[in-house]
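There are 2 protein chains.
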Amino acid sequence: MTQPSEKALVPFVSVDNMMRLVHHIGIEQILRDLAGYVEDDFKRWELFDKTPRVASHSDVGVIELMPTSDGEAYGFKYVNGHPKNTSEGLQTVTAFGLLADVYTGYPVLLTEMTMLTALRTAATSAMAAKYLAPKGSTTMAMIGNGAQSEFQTLAMKAIIGLKSVRLYDKDTAATAKCARNLEGLGVEVVSCKTPEEAIEGAQILTTCTADKQNATILTDNMVGSGVHINAIGGDCPGKTELAAGILSRSDVFVEYPPQTRIEGEIQQMPEDFSVTELWEVISGQKQGRTGDRQITLFDSVGFAIEDFSALRYIRDRIKGTDYFIELDMLADPDDPRDLFGMLQRAKS
Amino acid sequence: MTQPSEKALVPFVSVDNMMRLVHHIGIEQILRDLAGYVEDDFKRWELFDKTPRVASHSDVGVIELMPTSDGEAYGFKYVNGHPKNTSEGLQTVTAFGLLADVYTGYPVLLTEMTMLTALRTAATSAMAAKYLAPKGSTTMAMIGNGAQSEFQTLAMKAIIGLKSVRLYDKDTAATAKCARNLEGLGVEVVSCKTPEEAIEGAQILTTCTADKQNATILTDNMVGSGVHINAIGGDCPGKTELAAGILSRSDVFVEYPPQTRIEGEIQQMPEDFSVTELWEVISGQKQGRTGDRQITLFDSVGFAIEDFSALRYIRDRIKGTDYFIELDMLADPDDPRDLFGMLQRAKS
Chain F
1 MTQPSEKALV PFVSVDNMMR LVHHIGIEQI LRDLAGYVED DFKRWELFDK
51 TPRVASHSDV GVIELMPTSD GEAYGFKYVN GHPKNTSEGL QTVTAFGLLA
101 DVYTGYPVLL TEMTMLTALR TAATSAMAAK YLAPKGSTTM AMIGNGAQSE
151 FQTLAMKAII GLKSVRLYDK DTAATAKCAR NLEGLGVEVV SCKTPEEAIE
201 GAQILTTCTA DKQNATILTD NMVGSGVHIN AIGGDCPGKT ELAAGILSRS
251 DVFVEYPPQT RIEGEIQQMP EDFSVTELWE VISGQKQGRT GDRQITLFDS
301 VGFAIEDFSA LRYIRDRIKG TDYFIELDML ADPDDPRDLF GMLQRAKS
Chain E
1001 MTQPSEKALV PFVSVDNMMR LVHHIGIEQI LRDLAGYVED DFKRWELFDK
1051 TPRVASHSDV GVIELMPTSD GEAYGFKYVN GHPKNTSEGL QTVTAFGLLA
1101 DVYTGYPVLL TEMTMLTALR TAATSAMAAK YLAPKGSTTM AMIGNGAQSE
1151 FQTLAMKAII GLKSVRLYDK DTAATAKCAR NLEGLGVEVV SCKTPEEAIE
1201 GAQILTTCTA DKQNATILTD NMVGSGVHIN AIGGDCPGKT ELAAGILSRS
1251 DVFVEYPPQT RIEGEIQQMP EDFSVTELWE VISGQKQGRT GDRQITLFDS
1301 VGFAIEDFSA LRYIRDRIKG TDYFIELDML ADPDDPRDLF GMLQRAKS
């Protein structure tokens, strides 16, 4: 066979290589690095092509493509959501992503994104908390102790200096799992029996439960003044975690209003409910936290630009390493008009 | 490392493996097989989700995602179009595709699609000609002798019994390349100096030139009655190959009117210009060729369902072969809530 040219080979990062890369860099360092890439992209938010995600719905789930571009690179994530998968021993969510060069149209990276999405979600939360949480926040209530909980905790430690996390989940096995995983990682872990106990003394309240329907994980009377709420779990139509009263008392920050009004906590509110776009705070155009008694709320649903930042980071970071293999994915005849000749020559 | 489960591994067909597979099956057989899969999907056309393609445009090109689903499988193709690439030694078009299981959301195939698209385009043309060309057609004029020309010729041979092809390209080197590639493959090849010479005695006129702008490859007076025109090259806004007068005298068949009215030959015609959807002919709901003197015209722009058929075929055909490798692309923790534990265990 003829060897394909260098540009016809696409670097691929497998799940195994992604995990090796995380340990090579260190999990707290990769969370800091990712937060930096996300922050940089939020600063140049207006540059990005904000195509709505393309969803294909079925009775049992959804498959989505989330593309975006900054004019130099183009990225998309494939992600599915199938709640019933868990009972069949499969993942609810799997994801992979691709980055391409806008100038040539050639893909430059293919990577697993289940692990990478967990990392970028936590890095984005902590980056937002840096702007929105009370200065010197040291304690977080982590309500919902599923797949995001350890990543959230370590990102808050790495990026804003969190010292203590107070865990609550209605499933005590999830809390035990999270506490065990965080052992020895430099954060004090307190396992709590009620959400009320978890939020005692916490400056940051993170909600990330798996409840499928509109639920009230935090009721209005549970939330006092001067806290930052990091709401991760309300992320699709019909799925919210906060009482509407909390939203009314908070200054709400969102990624992209047209998407968040459909998928986020604010789906409960009127269409003209006032929100601030997080990128406006990060680029210095609007204020984040303005006072000690203010309740700030990051109503996070996850946006394509965060995946784009993560893809950019992985592309940059794997250069010169062996954390990828090269895939012969693009046909590359010597003469572009002679695809058939390339095929015939492969016969011998 | 822990071995990922079987479903977390995605079969990947590289360019090299695709070419090996084509030679293993035989190029005419694979064209027949693909035509069969495309025909089956045209028969159940109404089942399909017909999302418009999602395009990201830049000054120098376009990157598109073309998704579709039949409710059981979901497929998409990534394809770029960068005309300036050729002058930089790169391909104008590269493509890859993915097929997933709608029930689980898990990908089941990743494959190169530059070679596969060339094959499915030719198979679709020949499948359409089976319904639309004069019975017993033996001679085709092939105007434009680029990357599609050999595939078109062999598909017409394999599927409708073509005996002779008459080549014309304004670049005589392209004609020489095509003639050389077709040597010994069982079709009489006649290289012609003018388009007029090429269409002499041909029952099928295939146009597939690389002209970027609205051009008139076939003028009105060149096309007599009783022929089938297979128009491949007019496939994006501002790119057409046929004189409008030919369209007025023809019965025009298209894949999907909303797309073809923007991208196809009929972009020259009024919005209410009458066309027949090819699937209606193939499913027996409408007539194809109705008489000896009729001019039929397949105004083909390429549609996501044809890629879907090709992906289905490759998925089915590689089972039990070694024409693929498996990619560890999907994170698969034993406990879906314990992604972090999976990451930590990978450390050792």
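Sequence lines, in order, name chains F and E. Everything in the first sequence is counted per the working numbering, starting at 1 for the first residue and increasing by one. Everything in the second sequence is counted per the working numbering, starting at 1001 for the first residue and increasing by one. From the three backbone atoms N, C-alpha and C, an ideal C-beta is built for every residue, glycine too.
Where residue i sits in the DSSP three-state scheme
| i | result |
| --- | --- |
| residue 288 of chain F | coil |
| residue 1254 of chain E | strand |
| residue 1156 of chain E | helix |
| residue 1343 of chain E | helix |
| residue 1271 of chain E | coil |
| residue 1246 of chain E | helix |
| residue 1301 of chain E | coil |
| residue 307 of chain F | helix |
| residue 1329 of chain E | coil |
| residue 365 of chain F | The question about residue 365 of chain F has no answer here: the residues shown for chain F are numbered 1 through 348. |
| residue 1241 of chain E | coil |
| residue 1001 of chain E | Below a pLDDT of 50, predicted positions are generally treated as unreliable, and residue 1001 of chain E, at 44, falls in that range; the measurement from the model is reported next regardless. It is coil, neither helix nor strand. |
| residue 296 of chain F | strand |
| residue 138 of chain F | coil |
| residue 1232 of chain E | coil |
With 16 other Cβ atoms within 10 Å as the buried cut-off, status of residue i
| i | result |
| --- | --- |
| residue 17 of chain F | buried |
| residue 1107 of chain E | buried |
| residue 262 of chain F | exposed |
| residue 1173 of chain E | exposed |
| residue 1047 of chain E | exposed |
| residue 1 of chain F | With a pLDDT of 44 at residue 1 of chain F, under the threshold of 50, the predicted position of this residue should be treated as unreliable, and no value is reported. |
| residue 1005 of chain E | exposed |
| residue 1293 of chain E | exposed |
| residue 284 of chain F | exposed |
| residue 1150 of chain E | buried |
| residue 29 of chain F | exposed |
| residue 287 of chain F | exposed |
Proximity below 8 Å, CB of residue i to CB of residue j
| i | j | result |
| --- | --- | --- |
| residue 264 of chain F | residue 223 of chain F | no |
| residue 1132 of chain E | residue 1296 of chain E | yes |
| residue 1230 of chain E | residue 1205 of chain E | yes |
| residue 185 of chain F | residue 175 of chain F | no |
| residue 993 of chain E | residue 1148 of chain E | What is shown of chain E runs 1001 to 1348, which leaves residue 993 of chain E out entirely. |
| residue 1014 of chain E | residue 328 of chain F | yes |
| residue 134 of chain F | residue 228 of chain F | yes |
| residue 96 of chain F | residue 119 of chain F | no |
| residue 181 of chain F | residue 1341 of chain E | yes |
| residue 1124 of chain E | residue 1306 of chain E | yes |
| residue 1101 of chain E | residue 1073 of chain E | yes |
| residue 1278 of chain E | residue 1128 of chain E | yes |
| residue 164 of chain F | residue 183 of chain F | no |
| residue 56 of chain F | residue 62 of chain F | yes |
| residue 54 of chain F | residue 1067 of chain E | yes |
| residue 339 of chain F | residue 8 of chain F | no |
| residue 1195 of chain E | residue 1143 of chain E | yes |
| residue 19 of chain F | residue 1311 of chain E | no |
Candidates the options: closest to residue i by CA position
| i | options | result |
| --- | --- | --- |
| residue 1037 of chain E | E/1342, E/1177, E/1315, E/1325 | E/1315 |
| residue 1273 of chain E | E/1250, E/1071, E/1320, E/1199 | E/1250 |
| residue 217 of chain F | F/63, F/105, F/61, F/243 | F/243 |
| residue 313 of chain F | F/98, F/55, F/79, F/88 | F/98 |
| residue 75 of chain F | E/1024, E/1065, E/1069 | E/1065 |
| residue 1248 of chain E | E/1299, E/1080, E/1210, E/1049 | E/1299 |
| residue 1309 of chain E | E/1198, E/1178, E/1144, E/1033 | E/1033 |
| residue 1197 of chain E | E/1121, E/1092, E/1170 | E/1170 |
| residue 1126 of chain E | E/1160, E/1150, E/1280, E/1105 | E/1160 |
| residue 10 of chain F | F/337, F/346, F/319, F/347 | F/319 |
| residue 78 of chain F | F/89, F/94, F/71 | F/94 |
| residue 1116 of chain E | E/1286, E/1022, E/1347 | E/1022 |
| residue 337 of chain F | E/1201, E/1237, E/1087, E/1321 | E/1087 |
| residue 1060 of chain E | E/1081, E/1043, E/1113 | E/1081 |
beta-carbon residue i near the ligand FMN non-hydrogen atom, thresh 7 Å
| i | result |
| --- | --- |
| residue 1106 of chain E | With respect to the ligand FMN, the structure offers nothing, as it holds no ligand at all. |
For this session: Output the residue ranges of the alpha helix (DSSP H) runs that lie fully inside the region 88-136 of chain F and measure 4 residues or longer, sorted by chain position.
Result: 114-132
Exercise. Which whole runs of the beta strand (DSSP E) in the region 1026-1096 of chain E are 3 residues long or more, in chain order?
Worked result: 1054-1057, 1062-1069, 1073-1081
For this session: Would you list, in sequence order, the uninterrupted beta strand (DSSP E) runs of no fewer than 3 residues that lie entirely inside the region 146-227 of chain F?
Result: 164-168, 188-191, 204-207
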